[in-house]
Amino acid sequence: MQGAQRIQEKRMVIKNVALETVCGVTSVLPANTKMEVAFAGKSNVGKSSLINALMNRKSLARTSAQPGKTQTINFYNINDAMYLVDLPGYGYAKVSQSEKEKWGKLIERYLQKSQMLKAVFLLIDIRHDPSANDKMMYDWIVYNGYDPIIIATKLDKIKRSQLQKQVKAIKTGLNMKSDGIVIPFSAETKQGREEIWNLIDSWMEPEQQSDKE
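Residue numbers (the UniProt record's numbering): 1 to 213.
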């Protein structure tokens, strides 16, 4: 068991990170051959901050005071072993409806066509009940064949005593299964980062074992 833990810790060391591919609404999606995990979330939910924290980088994923900055699908190559995929933010009021529909089609095209997408993480602000847009996105991800893993962001903005109540509100609001996963996360303290990476590592493990065989 200790040996397995050492191997896992070794895998979590991030040596190389690169923004490899950026896809707009008219782009051809890349035919990647390594595992992908995607991140979706409402604008201003802290998606760029989360991705930067996962990659141990301060500003590779651009954060902005102006919500809705991510208008493309961004593929981050991690250690030449896998991809973190940043999907466009949704629910941004100042973007036209036609623009939102284009982003929606781009995300749908990715969810339906990616051969290497292992899981979709959906970010929800832990301080609030899921919005109508959050519910729609959750159901849409399910419809496209994935069981979303919820990352409840901005954990440092609530009291510890509120945690279980807010997690329950998210599960109820999204009508999640009883075994659905919610990971509370703080970009400030990095709480939740290790839990997210442990999940990603567990998905990579079978591939690595088959490589050894």
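Beta carbons: idealized from backbone N, C-alpha and C, even for Gly.
Check, Outcome
"Nearest residue (CA-CA) to H128, options K58, V25, K168, V17", "K168"
"Which of helix, strand or coil DSSP assigns to I51", "helix"
"Same chain, Cβ closer than 6 Å to N56, neighbours up to 5 away in sequence not counted", "I14"
"Distance between K135 and I78 (C-alpha atoms, nearest Å)", "30 Å"
"Extent of the continuous beta strand (DSSP E) to which D125 belongs", "117–125"
"Sub-9 Å separation of T153 and L50 beta-carbons", "yes"
"Where the alpha helix (DSSP H) containing Y143 begins and where it ends", "132–143"
"T72, enclosing alpha helix (DSSP H) - first and last residue", "Per DSSP, T72 belongs to no alpha helix (DSSP H) and is neither H nor E."
"Per-residue DSSP class, three states only, for A169", "helix"
"Where the beta strand (DSSP E) containing residue 226 begins and where it ends", "Here the chain covers residues 1 to 213 and nothing more, so residue 226 does not appear."
"Where M176 sits in the DSSP three-state scheme", "coil"
"8 Å contact criterion, which L19 and L60 should meet: CB distance rounded", "7 Å"
"Cβ-based burial, S186 [other Cβ within 10 Å; buried from 16]", "buried"
"The stretch 155–166 in contact with the stretch 105–118 per 3-pair CB rule at 8 Å", "no"
"Beta-carbon contacts of I151 that lie in its chain and below 6 Å, excluding the five residues immediately before and after", "F121, L123, I183, F185"
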